[in-house]
Amino acid sequence: MGAIKGFLVILITLQCTAIIHCKSAFYKSEANNTYLIESEYKYDWFQAWATRSRNNMTLFTIASSEKSVEISKLIKTKFGRRWN
Numbered sequence: 003m004g005a006i007k008g009f010l011v012i013l014i015t016l017q018c019t020a021i022i023h024c025k026s027a028f029y030k031s032e033a034n035n036t037y038l039i040e041s042e043y044k045y046d047w048f049q050a051w052a053t054r055s056r057n058n059m060t061l062f063t064i065a066s067s068e069k070s071v072e073i074s075k076l077i078k079t080k081f082g083r084r085w086n
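Following my numbering, the numbering of the sequence shown begins with 3 at its first residue and continues without gaps.
Given below as structure tokens:
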């Protein structure tokens, strides 16, 4: 798989205790990890950090080819395409 282009931040669910009022949804990957994926580009890194803090979640970056494949499959399955 090619190198990951840009910086991709996805909210990963650890212990969600609040309802988030936006166009987002929880998705489970084939590896049984649950992710909150925001379908609109409405947060910069600092806004995403603040949002995850308010909702008891964690931000992560894709740092391995295995994680990249996992996320790519999830996005392709749910949205019909890959994010680049």
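Glycine included, each C-beta is placed from N, C-alpha and C at the ideal position.
Buried or exposed (CB count within 10 angstroms, at least 16 for buried), residue i
i, result
"Arg56", "exposed"
"Thr36", "exposed"
"Ile21", "With a pLDDT of only 38 at Ile21, under the threshold of 50, the placement of this residue in the model should not be trusted; the figure read from the coordinates follows. Label assigned to Ile21: exposed."
Close beta carbons around residue i, own chain, < 6 Å, minus the five adjacent residues each side
i, result
"Ser66", "none"
Integer Cβ distance of residue i from residue j, believed to fall under 8 Å
i, j, result
"Ser26", "Ser41", "7 Å"
"Lys80", "Tyr29", "6 Å"
Delimiting residues of the beta strand (DSSP E) encompassing residue i
i, result
"Ser26", "Ser26 to Lys30"
"Glu40", "Thr36 to Glu40"
N- and C-terminal bounds of the alpha helix (DSSP H) containing residue i
i, result
"Ser74", "Ser67 to Phe81"
"Ala52", "Trp47 to Arg56"
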